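Worksheet for the structure shown next.
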Amino acid sequence: MSLQECLASRKDCSGEGRPLPMTEVLDICNSTHQAAPSKSLFIVLPDSSDYKGGIYMYNNKEFILITDKEKTRYSMELYPELIWKESIELKELIRLGLIWQYLSLKVGSIGLGVSQRARAPKKINKLLNSVTKQNYIFIYSVAVRDRDRKALVEDPSEFLKKELEEGIYLLDTPDCYKNRAIYENRYHGVPLDAAIFNQIEKKSPKPSSIHELSQLLWACQGETDHTTHGNRDVLEKNGYGRVHATGCAGYAVYPILIVNNIADLPKGAYFYNPIGFSGLNRWIRLHDRLNYDHFLQKFTSKNSKAEIEKEFGINFSNYIILLCIDRKKPCSGFTHSKIGKLFMNTKYWAEVEAGMALAGLQLQANALGLQWQKLILSNPDDPKLRRLFNLDSAEHTINKMASNLVNLSKNENLSLKGHLVPTVLFFLK
């Protein structure tokens, strides 16, 4: 499958597990390991005719059995290496999200699915540390399972008709959706493995076009599928949502775009709205032309380019994407219930989700053949960053937009619950 097909069909799954051939296990591990080549992965497998069930360690050179005292009832479980510290660094949490998204897309490409669970696998932690005499800590768990969600189904709802207001700029349709290609099995994009292993010839970005930027932002934080729109509860119950996992549909990541020179976008700062005008991300008709409903909204004419370059010692010519998080957002509805308080741990989830969004940016940039750089911020809570990125203005505009969307009662979770916290800068060379 292509990268965009995997993004468009990514769903959290709750099916059963089945043992995979060792060749498939190694293929999944190899592609997932690309997200963090310097770190080990711990894999929990069931008993199989190919191998003994247990906890294995994979580091691209070896795949060794650590212990057979713990097995899984799923196809496999994956835990990225993480050493216990009093406070886990942002770069480590971003790395977890990168690894999980690479895993999610890879297993989706072979017809399986994943489920992320926001609770610590205490038994795995205790057993592995007892055997290895190390101090690993796994804060969440992720399992590979059979896919139990329906295939992509086109939304039959009436198209919205809109006129763009000042400061709003509609983005291009994701390539896989153009001319209904993905619904008719006619889309042939860049293979996922080519994007993961970065096997595409590099080229310079095109500042005269907004196409590449549109594809990047959708792969970072866009939505999947278009059926059951008009009822977000049904949408999420059936496994549809973002191109990456969210904490019980908390939607904690907010991409900010700082523009210097690209197409017809005036200089300034914008936030990406992945859910469109309806709050449910359906297609819209604009000037008698059908468009995918995602857009940029300008919140300030200041682009702070010189200050950003000086602060971080970088250079960017066209634009830079800043991933912000709302730490109060993930699992915001579920954690108020008794079940949520018992099983869900929301600490760090927003940071991990930012890593998943960053994975989409990296992989889509690879698929487009673009050279890119990323910078994980070492002190995201520094007050001067709020001023540098004009985050007060961004928050005001985001919340105002959320209050003006269609289907407001079903989309209260679109507004911020806390403050925007900057985490990662992503830009093209």
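Numbering-wise, the sequence shown is residues 14 to 442 according to our numbering.
Where a beta carbon is used, it is the ideal one built from N, C-alpha and C, also for glycine.
In this text the structure is predicted, and so the values were computed from the model without any measurement.
Beta-carbon separation (whole angstroms), residue i vs residue j, contact threshold 8 Å
i: residue 260; j: residue 344; result: 4 Å
i: residue 274; j: residue 331; result: 5 Å
i: residue 436; j: residue 393; result: 5 Å
i: residue 258; j: residue 117; result: 7 Å
i: residue 48; j: residue 106; result: With a Cβ gap of about 13 Å, residue 48 and residue 106 do not count as contacting.
i: residue 254; j: residue 237; result: 6 Å
i: residue 42; j: residue 128; result: No, residue 42 and residue 128 are not in contact; Cβ-Cβ is about 18 Å, not under 8 Å.
i: residue 182; j: residue 308; result: 6 Å
i: residue 205; j: residue 15; result: 6 Å
i: residue 266; j: residue 370; result: 5 Å
i: residue 208; j: residue 39; result: Rounded, the Cβ-Cβ distance is 19 Å, inconsistent with contact.
i: residue 288; j: residue 427; result: 6 Å
i: residue 151; j: residue 95; result: 7 Å
Endpoints, the beta strand (DSSP E) within which residue i is located
i: residue 267; result: 266-272
i: residue 397; result: Element bounds for residue 397: not the beta strand (DSSP E) but the alpha helix (DSSP H), 396-401.
i: residue 436; result: 433-441
i: residue 147; result: Careful: residue 147 lies outside any beta strand (DSSP E) and carries neither H nor E.
i: residue 310; result: 308-313
i: residue 330; result: From DSSP, residue 330 is part of no beta strand (DSSP E); its letter is neither H nor E.
i: residue 156; result: 154-159
Extent of the continuous alpha helix (DSSP H) run through residue i
i: residue 115; result: 103-122
i: residue 378; result: 362-380
i: residue 234; result: 224-234
i: residue 412; result: 404-416
i: residue 38; result: 35-46
i: residue 205; result: 205-209
Under the three-state DSSP convention, the category residue i falls into
i: residue 277; result: coil
i: residue 186; result: coil
i: residue 132; result: coil
i: residue 73; result: coil
i: residue 194; result: coil
i: residue 256; result: coil
i: residue 57; result: strand
i: residue 284; result: strand
i: residue 174; result: strand
i: residue 90; result: strand
i: residue 321; result: helix
i: residue 139; result: helix
i: residue 384; result: coil
i: residue 19; result: helix
i: residue 303; result: strand
i: residue 427; result: helix
i: residue 202; result: coil
i: residue 344; result: coil
i: residue 6; result: Nothing about residue 6 can be read from this structure; the chain reaches only from 14 to 442.
i: residue 359; result: coil
i: residue 85; result: coil
i: residue 8; result: This structure does not reach residue 8, given that the chain is present from 14 up to 442, and the question cannot be answered.
i: residue 295; result: coil
i: residue 165; result: coil
i: residue 289; result: coil
i: residue 78; result: strand
i: residue 67; result: strand
Residues of its chain near residue i, where Cβ-Cβ distance is below 7 Å and the 5 sequence neighbours each way are ignored
i: residue 194; result: 200
i: residue 28; result: 126, 158, 159, 160, 161
i: residue 70; result: 53, 55, 77, 79
i: residue 64; result: 35, 58
i: residue 46; result: 54, 71, 73
i: residue 61; result: 32
i: residue 328; result: 322
i: residue 222; result: 276
i: residue 252; result: Summary for residue 252: the model assigns pLDDT 48, below 50, so the residue's position carries little reliability; its value from the coordinates is reported in the next sentence. 24, 25, 26, 162, listed in sequence order.
i: residue 430; result: 339, 341, 342, 345
Residues near residue i by beta carbon distance below 6 Å, same chain, minus five either side
i: residue 90; result: 57, 156
i: residue 362; result: 131, 260, 343
i: residue 422; result: Here residue 422 scores only 48 on pLDDT, less than 50, and its place in the model is too uncertain to base an answer on.
i: residue 385; result: 378, 441
i: residue 216; result: 382
i: residue 314; result: 281
i: residue 311; result: 180, 281, 283
i: residue 404; result: 433
Beta-carbon proximity list for residue i, same chain, < 8 Å, skipping 5 on both sides
i: residue 256; result: 20, 21, 23, 231, 232, 233, 234, 235, 236, 237, 373
i: residue 67; result: 57, 58, 78, 79, 80, 81, 82, 83, 84
i: residue 87; result: 29, 30, 59, 156, 157, 158
i: residue 202; result: 15, 16, 17, 18, 188, 189, 380
Closer than 8 Å to chain B by CB, residue i
i: residue 124; result: Absent from the structure: chain B. Only one protein chain is present.
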